[in-house]
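One point on numbering: in full-length UniProt numbering, the residue at position 68 of the sequence shown is 68, and numbering is uninterrupted.
Backbone N, C-alpha and C define an ideal beta-carbon position, used for all residues, glycine too.
All of these numbers come straight from a predicted model, not from anything done at the bench.
Read through the structure below, which is laid out as structure tokens, and then see the notes.
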Amino acid sequence: MIENIKLNKFEILIMLLATAFLPLLSLMIGDAVTSLLFERVDLLGMMFAERLLFALVALLILNIYLKIRFIDIKVEQVISIRQLIKYSLMIIVISYLVYKFLATNQIYVYILAYISLNFLIAWEEELVYRLMVPKIIEKLFNNILIICLIQSLIFSFIGHPEQTFFDNLVYRFPLGILLYYMKQKTGKIFLPTLAHAIWNIILSYT
């Protein structure tokens with residue numbers, strides 16, 4: 001049995017930054033690997049590859065943290081068969097609505113894949129920024145408001161470095177607070193993942 005790992009605050013801060021940055025670095029690696037392995041990959045395929053790598057890196061980090069008992073996260077907080085079924089149904093319904101009312105020039109299969117990608121992006125970001133990151137911040141601060149604000153700052157500015165300061169401050173920072181509230185109320189990332197995915201989809205088609 002592995003004992004709980006004991007770290008000082010500086011070491012915890014390093015773990016926090018690593019948790020926020022390493023999955024992001026995998027996005028760039030995913031682009032490079034996909035380009036090397038496949039001669040012709042469209043943008044959607046490239047995004048799937050990099051996002052799958054993001055998810056794998058995040059799950060690997062989570063697995064390490066659980067093994068050393070650095071943080072405590074239950075499997076059902078992350079995913080379950082019931083949640084997968086609900087995600088699948090929502091993806092099908094949203095894809096149909098987009099196909100029917102918004103994207104008449106796109107084939108349904110492409111829309112289905114694109115909506116699925118948005119759910120994957122939302123799920124993996126909720127895993128990192130609403131579950132793992134706050135759990136680490138809790139080791140540095142006890143105040144729930146401070147934890148909420150810091151996780152939202154990390155989500156907004158570290159998680160989206162390619163976006164403008166204004167967009168991150170005005171749109172993503174409040175969104176991060178709302179999504180964290182949803183996670184705290186439900187104890188799981190299903191609802192914030194759903195809200196996050198729908199938000200991204202709305203932005204994509206407006």
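{"Query": "Residue nearest to histidine 196 in terms of C-alpha spacing, selected from Leu13, Asn8 and Phe155", "Result": "Phe155"}
{"Query": "Cβ separation of leucine 62 and isoleucine 73, assumed to be a contact under 8 angstroms, to the nearest whole Å", "Result": "7 angstroms"}
{"Query": "Close beta carbons around glutamate 50, own chain, < 6 angstroms, minus the five adjacent residues each side", "Result": "Leu27, Gly30 and Asp31"}
{"Query": "Contact check, glutamine 151 vs tyrosine 129, beta carbons under 9 angstroms", "Result": "yes"}
{"Query": "Tyrosine 114 in three-state terms, based on DSSP", "Result": "helix"}
{"Query": "Where leucine 120 falls: helix, strand or coil (DSSP)", "Result": "helix"}
{"Query": "Three-state secondary structure (DSSP) of arginine 172", "Result": "helix"}
{"Query": "The segment 2–22 / the segment 133–152 touching (three or more Cβ pairs under 8 angstroms)", "Result": "yes"}
{"Query": "Best match in Leu131, Leu37 and Ile147 for proximity to lysine 188 [C-alpha to C-alpha]", "Result": "Leu131"}
{"Query": "Of the listed residues Ile177, Ile91 and Ile121, nearest to tyrosine 108 (C-alpha basis)", "Result": "Ile91"}
{"Query": "beta-carbon histidine 196 near the ligand FMN non-hydrogen atom, thresh 8 angstroms", "Result": "Although the ligand FMN was asked about, the structure shown includes no ligands whatsoever."}
{"Query": "Distance CB(alanine 18)-CB(glutamate 124) smaller than 9 angstroms", "Result": "no"}
{"Query": "Rounded straight-line distance, which links the Cα of isoleucine 121 to that of isoleucine 64", "Result": "22 angstroms"}
{"Query": "Proline 192 - containing alpha helix (DSSP H), residue span", "Result": "190–204"}
{"Query": "Cβ neighbour criterion (16 or more within 10 Å) applied to isoleucine 201", "Result": "buried"}
{"Query": "Under 9 angstroms between C-beta atoms of phenylalanine 166 and phenylalanine 157", "Result": "no"}
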